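Chemist:
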Amino acid sequence: VQLQASGGGLVQAGGSLRLSCVASGSIFILLAWYRQAPGKQRELVASITSNRSTKYADSVKGRFTISRDDAKNTVYLQMTSLQPEDTAVYYCNARPYMVGTQYWGQGTQVTVSS
Numbered sequence: 047v048q049l050q051a052s053g054g055g056l057v058q059a060g061g062s063l064r065l066s067c068v069a070s071g072s073i074f075i076l077l078a079w080y081r082q083a084p085g086k087q088r089e090l091v092a093s094i095t096s097n098r099s100t101k102y103a104d105s106v107k108g109r110f111t112i113s114r115d116d117a118k119n120t121v122y123l124q125m126t127s128l129q130p131e132d133t134a135v136y137y138c139n140a141r142p143y144m145v146g147t148q149y150w151g152q153g154t155q156v157t158v159s160s
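If you read the sequence shown in the working numbering, its first letter stands for residue 47, the second for the next number, and so on.
(1) Secondary structure at residue 106, three-state DSSP: helix, strand or coil?
(2) Specify the secondary structure class of residue 101 as computed by DSSP and reduced to three states.
(3) Please report the straight-line C-alpha distance between residue 120 and residue 160, rounded to a whole angstrom.
(4) Using beta-carbon positions only, say whether residue 98 and residue 114 come within less than 9 Å of one another.
(5) Do the segment 70–78 and the segment 122–141 make contact, defined as three or more Cβ pairs closer than 8 Å?
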C-alpha cells in the first residue's frame, strides 16, 4: 500500500488549494484527510466512504470539499476561503475497512498567510 499526497503550498488568506492523494495497493472503503498544526494534535478534516458519504470537521464545513475518483485511486480535498488557522501539515488516510488497519501518506504542508 502506498499513499502519495501532493498539492500543498503557500497561499494568501481567502485563497484556494486542491490536495490530491493517490492511494494504491488496495481497495479502500474509507479515505480521509487529517491535519496537524504545530503544537496541536492531528485532527480529522474530512472523510469519504466508497458510497460517497462524507463527513467534515465543523471548522471546514462550507469551505472544503472532499471527493474521490476510484478509477484513478485518488482522493481530493478542495479547499477554499483558506484562513491562517488552516495552516498545517495535511495527511491523507486510507482504510480498507471501516475499522482496523489504516494507512497514512507522507503529509503535505499548507501555509496560509494573513
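We put the CB at the ideal spot given by N, CA and C, even for glycine. For clarity, every value in this text was computed on a predicted model and none was experimentally measured.
Modeler: Per the coordinate set shown:
(1) Helix, per DSSP.
(2) In the three-state DSSP reduction, residue 101 falls in the strand class (E or B).
(3) Distance between the alpha carbons of residue 120 and residue 160 is about 30 Å.
(4) Yes, these two residues count as a Cβ contact at 9 Å.
(5) Taking one beta carbon from each stretch, the segment 70–78 and the segment 122–141 have 3 or more pairs nearer than 8 Å; the two touch.
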